[in-house]
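Protein chains in written order, with my numbering: chain A, 805 to 954; chain B, 120 to 480; chain C, 5 to 206.
Using N, Cα and C, we set each Cβ at its ideal position, and we do this for glycine too.
Since the structure is predicted, the reported quantities are computational estimates derived from the model, not experimental observations.
Single-structure report; data block below.
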Amino acid sequence: MTLLQSVKNLVRSRSIHVCYVDTGSCNGCDIEVLACLAPRYDLEQYGIYVHNNPREADVLLVIGGVTPQWEDKLKMIWDKMPEPKAAVAIGNCAISGCVFNRPQSLTNPPVRKHIPVAAEVPGCPPRPTEIISAILSVRDLIFKDWETKR
Amino acid sequence: MKKTVDVSIPLGPMHPVWKEPCRLKCETIGERVVKAEMELGYMKKGIERIMKGRPWQEVMFLAERVCGICSVIHNMVFIEAMEKMSDIEVPDRAAYLRVVANELDRIASHLIANFSYCYTIEHETLGMYLLNTRETVMDLLEKLTGARVTCSYMVPGGVRFDLLDEDKTDMVIALDKVESEIRRYMQMFDEGPLIALRSVGVGTLTSEQALEGHAVGPTARASGIEYDVRSNHPTYQKLNFHPIVRTGGDNHARIMIRFDEVLQSVSLIKAAITTLPQGLIRGGGVMKKGSIVYAGEAPRGELTYHIKADSFGRIQEIYIQTPSIMNIEACVHYMIPESYSIADVSATYISADPCIACTER
Amino acid sequence: MTSVSAYIKQMLTKDWAHNFLNAKTAPLESPSYFRGTPHLTGKECTHCFQCMMICPSPGAIEVMKNDENGGWAPVIHDGHCIRCGLCVEICPELVLEAGRVHAMNVHDETYMQFTFHIQVNPVTCMGCGNCSVACPVNKEIDPSLAAKGTSSSDDVIMRVDKGLMTVLHEDKCTGCKTCEEQCPTGSIMVARVLEPLQLVES
């Protein structure tokens, strides 16, 4: 591994820009992501900034079961993001549909049918401590040796 | 030739500061907004269709997940409607514990609404202070019910868990701290010049306009209309509840009335804890056939459930009427066309506290 | 000017200086009273399947047989479980625990009770006997039901009598809804009635 690649690995794991999109959820997971930004469980101390702009984001947080109106718009947002990029699914609705996974509902779960997902955080909703533990355990591995895997 | 409209600006589903997707189209002449239109439909999941034919132990969890911010009141209105339809009695201790859980969730919801407003007017520091206070309240809710959001605490006939004595003293100490912090924030909101520039006199809603536009909840109470569904509930009548009213109808009045309601909730919880009667927490009872229309007071307004059930308590028809759609109507028709410039539209819309997940279930 | 002096007055307190110099975020662990995903306690499971019947989320809990010693145990899938705690409250053998749900049940002496009712629609029922052949309790009582739909024993839950399905012993039903899935016209329905109760001191 060259010196340049190890410098790139270090920088990409310590400074991450995040954009989140809500594709039809109950807002519970949204509130817990906001509670991560509160001063009690500070997310910005690890170098993670929430700017909500897909053009300058590295990681996309997807929340909610995908409703029919969001299927094409989610792909558009994923295509707008520049490489290297990754998607993280938060909450049960994005993983399997939770209680809405019945034949009569209008949702189309899971999210990994529409865009490739790198990590998943289960829970309804997951506690802020669980979200931060999951992100910390995965931030070294998401962009490691990105150029050699292409 | 008379110019009708200069340009139509869409404030789209993905917005940097809005949390939920909806589309707001504003038609402007110069910088003044003359007409606004709302397009919804990005969060419709068909919850009422899933609920048909299921018993209460599955519908209760679906009703809670209609909206995650006001989940305790959906639980309470659904269970109380089913109890009234089947003539099930609730013991006194359970009724007081239900009021405690309901008011704790109301404080959390009002603080997140005010944080959303501060974030929209780019005053992030003040928003972070409010979120910090909210964490104390979520800790209390977790000690009582076991979860922070979507608690599923109430069952037909009573509640699920009891309040231990050591948790009671913790609660009183924490609520005193919350009260002193909220009084400090109210002073900051009243005296700060930045907040007054973007809130006082912006997005006014007179009381005649509020009645015409069918506004409910704190949005209507900030314009002088005195109406609160909690005045008809027997447990709240025992705790001497009276609604709070402010005149003014602008953004500033709507923010301050939410702080007033937080202080009122703190005093209601303290009164309920100190006069908590001894006894059982579950009364038992089975569901019977019937139909009912029942209303409760959510943090955003009046919430109504229309339920029809068959002989074993399975739901046949259900319709949920949520408060946010009426507040959005009043906002889009009366508050936004009076804005001085397009820069005030975002702040005015957030100050009416919309909850799009409730609106389209 | 009043706001500046208010800020300076606040900064000169001892509390503020202590908080400023020793600021730390909260540790990343959940408290003991948080109701997480249920875990096994090690007690013996009698495969009564009541936890599967009360679960509101599809595909979250499955009771499966271990291959090693032939014992049964429930398996909970993380991405589907909504952490409601109902399976902890209804289990009669105390196999599951989440947070302090079971400890509070012992402290308050509360429990939940299931009763099952069977309803047959006489207009659409064509008397084919699929339901009485599929019912596992029926097969245990009268083994000849594995071959045909009518039975001469009076102990079974239901049987075809004069061209219509009649229910004899509703209290033996365990609520698995196999008859409802096998009916070709949708004429039989099982109601799972749940009642939350508390022991009354006499």
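Locate the beta strand (DSSP E) running through residue i, then write down its first and last residues.
{"i": "residue 183 of chain C", "result": "From DSSP, residue 183 of chain C is part of no beta strand (DSSP E) but of the alpha helix (DSSP H) over 182-186."}
{"i": "residue 893 of chain A", "result": "890-894"}
{"i": "residue 121 of chain C", "result": "114-124"}
{"i": "residue 76 of chain C", "result": "76-80"}
{"i": "residue 166 of chain B", "result": "First-last for residue 166 of chain B: 166-169, but that is the alpha helix (DSSP H), not the beta strand (DSSP E)."}
{"i": "residue 193 of chain C", "result": "192-202"}
Take the Cβ of residue i as the centre, count every other Cβ of all protein chains shown within 10 Å, and call the residue buried at 16 or more, exposed below.
{"i": "residue 131 of chain C", "result": "exposed"}
{"i": "residue 911 of chain A", "result": "buried"}
{"i": "residue 127 of chain C", "result": "exposed"}
{"i": "residue 68 of chain C", "result": "exposed"}
{"i": "residue 495 of chain B", "result": "This structure leaves residue 495 of chain B out entirely; chain B is present only between 120 and 480."}
{"i": "residue 907 of chain A", "result": "exposed"}
{"i": "residue 319 of chain B", "result": "exposed"}
{"i": "residue 201 of chain B", "result": "buried"}
{"i": "residue 30 of chain C", "result": "exposed"}
{"i": "residue 104 of chain B", "result": "This structure does not reach residue 104 of chain B, given that chain B is present from 120 up to 480, and the question cannot be answered."}
{"i": "residue 340 of chain B", "result": "buried"}
{"i": "residue 138 of chain B", "result": "buried"}
{"i": "residue 847 of chain A", "result": "buried"}
Which residue comes first and which comes last in the alpha helix (DSSP H) that contains residue i?
{"i": "residue 306 of chain B", "result": "284-310"}
{"i": "residue 468 of chain B", "result": "464-470"}
{"i": "residue 478 of chain B", "result": "475-478"}
{"i": "residue 137 of chain C", "result": "134-138"}
{"i": "residue 932 of chain A", "result": "932-942"}
{"i": "residue 363 of chain B", "result": "Where residue 363 of chain B is concerned, there is no enclosing alpha helix (DSSP H), given that its DSSP letter is neither H nor E."}
{"i": "residue 354 of chain B", "result": "353-357"}
{"i": "residue 6 of chain C", "result": "6-15"}
{"i": "residue 809 of chain A", "result": "807-818"}
{"i": "residue 876 of chain A", "result": "875-884"}
{"i": "residue 337 of chain B", "result": "337-340"}
{"i": "residue 159 of chain B", "result": "Careful: residue 159 of chain B lies outside any alpha helix (DSSP H) and carries neither H nor E."}
Rounded to a whole number of angstroms, what is the C-alpha to C-alpha distance between residue i and residue j?
{"i": "residue 159 of chain C", "j": "residue 120 of chain C", "result": "17 Å"}
{"i": "residue 482 of chain B", "j": "residue 166 of chain B", "result": "Nothing about residue 482 of chain B can be read from this structure; chain B reaches only from 120 to 480."}
{"i": "residue 94 of chain B", "j": "residue 234 of chain B", "result": "Nothing can be reported for residue 94 of chain B: it is not among the residues displayed for chain B, which extend from 120 to 480."}
{"i": "residue 812 of chain A", "j": "residue 230 of chain B", "result": "41 Å"}
{"i": "residue 111 of chain C", "j": "residue 200 of chain C", "result": "16 Å"}
{"i": "residue 212 of chain B", "j": "residue 381 of chain B", "result": "23 Å"}
{"i": "residue 189 of chain C", "j": "residue 129 of chain C", "result": "7 Å"}
{"i": "residue 364 of chain B", "j": "residue 338 of chain B", "result": "10 Å"}
{"i": "residue 171 of chain B", "j": "residue 160 of chain B", "result": "22 Å"}
{"i": "residue 396 of chain B", "j": "residue 71 of chain C", "result": "52 Å"}
{"i": "residue 142 of chain B", "j": "residue 842 of chain A", "result": "28 Å"}
{"i": "residue 361 of chain B", "j": "residue 223 of chain B", "result": "18 Å"}
{"i": "residue 951 of chain A", "j": "residue 861 of chain A", "result": "18 Å"}
{"i": "residue 379 of chain B", "j": "residue 298 of chain B", "result": "11 Å"}
{"i": "residue 402 of chain B", "j": "residue 412 of chain B", "result": "23 Å"}
{"i": "residue 453 of chain B", "j": "residue 334 of chain B", "result": "11 Å"}
{"i": "residue 148 of chain B", "j": "residue 184 of chain B", "result": "41 Å"}
{"i": "residue 269 of chain B", "j": "residue 90 of chain C", "result": "14 Å"}
{"i": "residue 359 of chain B", "j": "residue 173 of chain B", "result": "38 Å"}
{"i": "residue 347 of chain B", "j": "residue 383 of chain B", "result": "13 Å"}
{"i": "residue 479 of chain B", "j": "residue 164 of chain B", "result": "8 Å"}
The stretch 260-268 of chain B contacting the stretch 12-30 of chain C, beta-carbon criterion three pairs below 8 Å: no
Alpha helix (DSSP H) runs wholly inside the stretch 192-251 of chain B, at least 4 long, in chain order: 211-239
Three or more C-beta pairs below 8 Å linking the stretch 827-836 of chain A and the stretch 882-899 of chain A: yes
At least three beta-carbon pairs within less than 8 Å, the stretch 58-68 of chain C to the stretch 140-158 of chain B: no
Ordered list of alpha helix (DSSP H) runs contained in the stretch 126-156 of chain B, each at least 4 residues: none
Stretch pair the stretch 931-946 of chain A + the stretch 422-430 of chain B: three plus CB contacts closer than 8 Å: no
Cβ pair count under 8 Å reaching 3, the stretch 438-457 of chain B against the stretch 320-329 of chain B: yes
At least 3 beta-carbon pairs within less than 8 Å: the stretch 459-467 of chain B vs the stretch 343-359 of chain B: no
Residue ranges of each alpha helix (DSSP H) within the stretch 821-851 of chain A, 4 or longer: 832-841
Any 3 or more C-beta pairs closer than 8 Å across the stretch 264-277 of chain B and the stretch 188-203 of chain C: yes
Given 8 Å, three or more beta-carbon pairs between the stretch 907-922 of chain A and the stretch 864-877 of chain A: yes
Three-pair Cβ contact test at 8 Å for the stretch 836-855 of chain A versus the stretch 809-824 of chain A: yes
Segments of 4+ residues assigned as alpha helix (DSSP H) that fall wholly inside the stretch 377-449 of chain B: 443-449
Segment contact, 8 Å Cβ cut-off, at least three pairs: the stretch 7-14 of chain C with the stretch 387-394 of chain B: no
Runs of alpha helix (DSSP H) lying entirely within the stretch 51-75 of chain C, each at least 4 residues, in chain order: 54-58
Contact between the stretch 44-56 of chain C and the stretch 87-101 of chain C (3+ Cβ pairs under 8 Å): yes
Selection of the stretch 81-110 of chain C by Cβ proximity to chain F, strictly under 9 Å: Going by chain labels, chain F is absent from the structure shown, which instead holds the protein chains A, B and C.
Inside the stretch 143-184 of chain C only - beta strand (DSSP E) runs reaching at least 3 residues: 162-165, 168-171
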